[in-house]
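Participant:
In my numbering, the protein residues as written are 100 to 416.
1. Start and end of the beta strand (DSSP E) containing residue 314?
2. Please work out which residues of its chain come closer than 7 Å, Cβ to Cβ, to residue 168, disregarding the five sequence neighbours upstream and downstream, and give them in chain order.
3. With residue 384 as the anchor, note down where its beta strand (DSSP E) starts and where it stops.
4. Mind checking whether residue 60 and residue 382 have CB atoms under 8 Å apart?
5. Touch check for the stretch 345-365 and the stretch 312-323: three-plus C-beta pairs under 8 Å?
6. Which two residues bound the contiguous beta strand (DSSP E) that contains residue 355?
7. Pick from 268, 187, 103, 279: whose alpha carbon is nearest that of residue 245?
8. For residue 318, which option in 296, 359, 306, 346 has the closest C-alpha, if you only look at C-alpha atoms?
9. Under a three-way DSSP split, which group does residue 404 fall into?
10. Which residues mark the beginning and the end of the alpha helix (DSSP H) in which residue 326 is found?
11. Throw me the rounded Cβ distance for the residue 414 and residue 185 pair, which I believe falls under 8 Å.
12. Suppose contacts are defined by Cβ-Cβ distances below 8 Å. Is residue 231 in contact with residue 157 by that definition?
13. CB-CB under 6 Å to residue 180, same chain, minus the five flanking residues each way: which ones, in chain order?
14. Put residue 217 into one of helix, strand or coil per three-state DSSP.
15. Need the endpoints of the alpha helix (DSSP H) that residue 252 sits in, please.
16. In its own chain, which residues sit with a C-beta less than 7 Å from the C-beta of residue 104, not counting the 5 before and 5 after it?
17. For my contact list, residue 155 and residue 401 are in at a C-beta cut-off of 8 Å; report their separation, rounded to the angstrom.
18. Determine the burial state of residue 340: buried for a count of at least 16 other Cβ atoms within 10 Å of its Cβ, exposed for fewer.
19. Under the assumption that residue 338 contacts residue 141 (Cβ atoms under 8 Å), give the Cβ distance between them as a whole number of angstroms.
20. Please report the Cβ distance between residue 145 and residue 298, rounded to the nearest whole angstrom; I am assuming they are in contact, meaning their Cβ atoms lie under 8 Å.
21. Counting only the same chain and skipping the five closest in sequence on each side, list residues whose C-beta sits under 8 Å from that of residue 152.
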């Protein structure tokens, strides 16, 4: 097993072995462990898990979306990135503008009612098409509120002033590399109620030593099977991009968890993944000298990514 997959598999096994059965907001149920930490040496490859296929395209386009301060679905859908659709769709179907069939509790009903799933797929198709092609609809129903990109690039403080946390941290790393204040927070208590989903990855900090940039993420809530493989790769990619912006090499990505949980309807999928052995990790190429603020998905390349087939599992909304 390569060290990246090993660390992830060890976490899954630990949760299955000592985790607590808990109710949750989605009414799905979880097995949960509170408090865990993983460390990934980014000099040894890029931590895109190999025991199931993890889509780098989805990870990179979402991260670029954050970096740009965007909070609207259109950019993601232009890259066929559907990972935020359900939250925007839920807001839409609860609005007075929605006049279609009843979509209440769609996350669970699509799993058990084939006839309903046909209706849901059609309503989601129409929703996505309107986001892509109807500017007025996009502006009204495509926005997810003040989620990650807004907080990274346009935090509004108690004083009413606007703060670009990402630009500030990059400037600080360049000027004062040993500072202990290289921190970006997505958890803005004053704006939680304006977000389609309160931030799960809440705060991250950078650390410079021996001309290497490391990043530690604190994640309050971690969907181990679906979300965490994305989070690992996303913040590792962010570390690479900021290191390049600051003329540094990459060090470690340190992933610290609060509530690390496996959903009850993901157990079979997790066990399937744990039965697999890993391949050598891929590497990342950044094929441009553009600023991080101008980066495009097409500038990024994952090299020598060998993986097992994807494993599907339902998302809890």
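We treat Cβ as the ideally placed atom computed from N, Cα and C, and that holds for glycine. Owing to the predicted nature of the structure, the values given are computational and were not obtained by experimental measurement.
Facilitator: Quick answer:
1. Along the chain shown, read from residue 1 onward, the residue named residue 314 stands at position 215. Here the beta strand (DSSP E) through residue 314 covers 311-322.
2. As a working mapping, residue 168 is identified with position 69 in the chain shown. For residue 168, where only same-chain residues beyond five positions count, the Cβ hits under 7 Å are 248, 249, 251, 252, 253.
3. Here residue 384 refers to the residue found at position 285 when the chain shown is read from its first residue. Per DSSP, residue 384 belongs to the beta strand (DSSP E) from 382-385.
4. This structure gives no information on residue 60, because the portion of the chain shown stretches from 100 to 416.
5. yes
6. By 1-based counting over the chain shown, the position of residue 355 is 256. First-last of the beta strand (DSSP E) with residue 355: 348-362.
7. In the chain shown, counting from the first residue as 1, residue 245 sits at position 146. The shortest C-alpha separation from residue 245 is found at 187.
8. On the chain shown, position 219 is the one that residue 318 refers to. If we check each option's Cα against that of residue 318, 359 comes out closest.
9. Indexing the chain shown from 1 puts residue 404 at position 305. The answer is coil: DSSP assigns residue 404 none of H, G, I, E or B.
10. Taking the first residue of the chain shown as 1, we reach residue 326 at position 227. Looking at the DSSP string, residue 326 is not in any alpha helix (DSSP H), and its letter there is neither H nor E.
11. Start at 1 with the first residue of the chain shown, and residue 414 comes out as number 315. Start at 1 with the first residue of the chain shown, and residue 185 comes out as number 86. Residue 414 to residue 185, Cβ: 6 Å. Contact.
12. Counted from its first residue, the chain shown places residue 231 at position 132. Counted from its first residue, the chain shown places residue 157 at position 58. Not in contact: residue 231 and residue 157 (Cβ atoms no closer than 8 Å).
13. Locating residue 180 in the chain shown gives position 81, where the first residue counts as 1. The answer, listed in chain order, is 157, 160.
14. Sequence index remark: in the chain shown, residue 217 carries index 118 (1-based). In the structure shown, residue 217 sits in a helix (DSSP, three-state: H, G or I).
15. The sequence position of residue 252 within the chain shown is 153, counting from 1. Counting along the chain, the alpha helix (DSSP H) containing residue 252 begins and ends at 247-252.
16. Walking along the chain shown from the start, residue 104 turns up at place 5. So the qualifying residues of the chain are 148, 149, 150, 377.
17. Taking the chain shown and counting its residues from 1, the one referred to as residue 155 is at position 56. Taking the chain shown and counting its residues from 1, the one referred to as residue 401 is at position 302. Contact flag correct, Cβ pair sits at about 5 Å.
18. Within the chain shown, residue 340 is the residue found at index 241, counting from 1. The residue is buried, with at least 16 neighbouring Cβ atoms inside 10 Å.
19. Taking the first residue of the chain shown as 1, we reach residue 338 at position 239. Taking the first residue of the chain shown as 1, we reach residue 141 at position 42. That pair is a contact at about 6 Å.
20. As a first step, residue 145 is located in the chain shown; it is residue number 46 there, counting from the start. As a first step, residue 298 is located in the chain shown; it is residue number 199 there, counting from the start. Between residue 298 and residue 145 the Cβ distance is about 24 Å, and since that is not below 8 Å, they are no contact.
21. Stepping through the chain shown from its first residue, residue 152 is reached at position 53. These residues qualify, in order along the chain: 406, 407, 408, 409.
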